[in-house]
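Right, one structure below, let's go through it.
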Amino acid sequence: MLPRHYRPSSVPLCGRPYDIIHKIFSVFIYSPSPGNKSGINMEQQVTNDLKSRFFTRQNNRYMIKSALIPLTPALLKPRYWSAWIIVLLMWSLAWLPVKTKHAMGARLGRVLSKRMKSRTRISRRNLSVCFPDKSPAEIETLIEENMVEMTKGALEASHPWWRDMSGYSAKAKVIGLDKLFNAHAKGNGVLIMGGHFAAVDFILAIFADRVARDYPLGYMYRPHDNPVINRMIVNGRHRHHVHGFTKYELKDMVQFLKDGGMAWYGCDQNFSKSDLFAPFFGVQAANLSTPTWIVQESGAAVVFMRMHRLADGNFEYEFSDELEGFGNDAQQDCEAWNRELEKAILHYPAQYFWVHKRFKKRPAGEAGMY
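Structure follows, in C-alpha cells:
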C-alpha cells in the first residue's frame, strides 16, 4: 500500500474555482495515449476476459487496469505551487524536439558539472574506485560527460509523459527481443532486471510502446516525495499502458508476474534494507535480496535489460539470455546481477547514475567511502 500522503483522496473537486483549475491542470496529464487515441477511459471500453486484477485483454490487446492518480483539492494548496511550476515547465519542454532537449542538456550539463559540487564529489569517488586505471584527468572528463548525459535524460524524460513515442520506438535499435519473448513463453512472467541509466524513462517508454499492448508490462518504482511531481511521473508513465508497483506492493508484483506479466526492476542503488554485499567493479556494494524472493514466489524467468542513448541521438536497448538458476541463491543472484550491470555500463560509462552514493553502506568494520 502507498504511504498515507500518496493515497488518492476520495474527496471530489467541487465548486466552480476548483472545476476551472481542474480542467486546466488535467490538460497536463490526461492526454490520450498512443494506444488509446480516443481518450476514452480504458476501464469503460474493456470487458474483462482474464482472471487478473491488473490487466484485461480485448481483441488480443492487453490493457492495464490501474487508475490515474486524480487531481484533488489538496494538491492545489499553496505549498505545492512551486511543484506545479515544475510540471508546467516539463509540459512545455515536452513539445520541443528531442534533439533540442539534448542540445540544451549538453550546455546545461557542463555548467552543472562545475556548480553541483556535492554531486560531482560523489561521482568522482564512485568513478575513482570503479575505474582505478583511469588518470585524474580522465576521471574529470568522465564526470562532466556524466553530468551532460544525466541532464539530457532529465530534459528528455518530459517527452514520453505527454507525447506519442511510436516514431522513436520504430527507430530505436533493439537487440535480443526474441530472448525476452522466449523467456515469457515459459508461462510464469518475466522479471526484467535493469539499471538506472541516463535515458531510463525515455527508453522504457519506447520499449512499452513496442510491447505493452501485446504483453502486460509493469515496473517497480520509488514514489517521489512530492505528491504533485509523483502524480506527473506516474500518470505520464501510465499513458504507455504500464502498471507501476511501489516497494509496498511487492506481493502485487508477484501476482502480476504469476498472471503472465513482465516487470522491470532497477534495484542497483544503496537502499536502507540492502542486506547482501557483492562485488561491483571490484568494490563490495550492498544489494537487496528482494529479486531472489520475487522469483522464488512467482516462478518468473529473469533477463537483464541494457539501455543507452547513442551518439547520433537515437536509442538502443538489449536483452540478455535468461539468467539460469536465478532465485536459487540470493548471494549468487546478486553477483550475477552485478556482472550484467557492469557489462552494460562498460558500453557507455558516462550514462550510468554515478551521482548516487552506491557504496554508502559498508561491510562491518569498513570505513565510509563518502
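Residue numbers (numbering that gives the first Met the number 0): 0 to 369.
Think of the CB as a built atom: it goes at the ideal place given N, C-alpha and C, for glycine as much as any other residue.
Computed from a predicted model, the values in this text were never measured in an experiment.
Straight-line gap, residue i to residue j (C-alpha atoms, nearest Å)
i	j	result
PHE54	HIS240	9 Å
SER117	GLU139	14 Å
SER127	LYS133	8 Å
HIS183	MET261	8 Å
SER122	PHE279	15 Å
GLY104	LEU111	10 Å
ASP320	LYS178	6 Å
GLU365	SER273	16 Å
ILE191	ARG114	36 Å
PRO290	LEU141	31 Å
HIS162	GLY367	It is worth fixing the name first, because residue 162 is Arg in this sequence and not His. Distance between the alpha carbons of ARG162 and GLY367 is about 43 Å.
HIS237	SER157	13 Å
GLY194	TYR218	12 Å
LEU92	ALA82	15 Å
PRO159	ASP311	19 Å
GLY108	LYS185	44 Å
ASN327	VAL301	12 Å
TRP94	ALA153	15 Å
ALA171	LYS257	30 Å
TYR79	PHE180	43 Å
PRO131	PHE352	18 Å
LEU275	GLN268	12 Å
Nearest-angstrom beta carbon gap, residue j and residue i [assumed within contact, 8 Å]
i	j	result
PHE325	VAL294	6 Å
VAL210	VAL86	Actually they do not touch by this definition, with Cβ atoms about 28 Å apart.
LYS359	TYR369	6 Å
VAL253	GLU296	5 Å
ILE68	VAL233	6 Å
GLY188	ALA363	Not quite, the Cβ-Cβ distance comes to about 36 Å (not below 8 Å), so this is no contact.
GLN370	ARG308	Residue 370 is absent from the structure shown; the chain starts at 0 and stops at 369.
LYS64	ARG52	7 Å
CYS129	VAL354	No, CYS129 and VAL354 are not in contact; Cβ-Cβ is about 13 Å, not under 8 Å.
Where residue i falls: helix, strand or coil (DSSP)
i	result
ARG238	coil
GLN283	strand
LEU275	strand
GLY217	strand
GLY259	coil
GLU323	coil
THR245	coil
PHE201	helix
GLU315	strand
MET192	strand
ALA300	strand
PHE206	helix
MET368	coil
THR71	coil
ARG56	strand
MET115	coil
VAL173	strand
ARG308	strand
Exposed unless 16 or more other CB atoms sit within 10 angstroms - verdict on residue i
i	result
SER84	A small fix is needed here, since residue 84 is Ile in this sequence, not Ser. Per the 10 Å Cβ criterion, exposed.
ILE174	exposed
PRO135	exposed
LYS100	buried
TYR264	buried
LEU88	exposed
PRO215	buried
GLY235	buried
ASP213	exposed
ARG370	Summary: the structure shown does not reach residue 370, with the chain confined to residues 0 through 369, and so no result is reported for it.
PRO96	exposed
LYS73	Here the sequence assigns Ala to residue 73, which means Lys is not the residue at that position. So ALA73 counts as exposed.
TYR347	buried
GLU155	buried
ARG106	exposed
Within-8 Å CB hit, residue i to chain B
i	result
TYR264	The structure shown contains no chain B, having only a single protein chain.
Inset, instruction - Spell out a yes or no on whether the region 236-251 and the region 165-178 are touching, meaning 3 or more CB-CB pairs, one atom from each, closer than 8 Å. - result: no
Legend entry - Segment contact flag, the region 321-341 with the region 221-229, C-beta cutoff 8 Å, min 3 pairs: no
Legend entry - the region 143-158 in contact with the region 187-207 per 3-pair CB rule at 8 Å: yes
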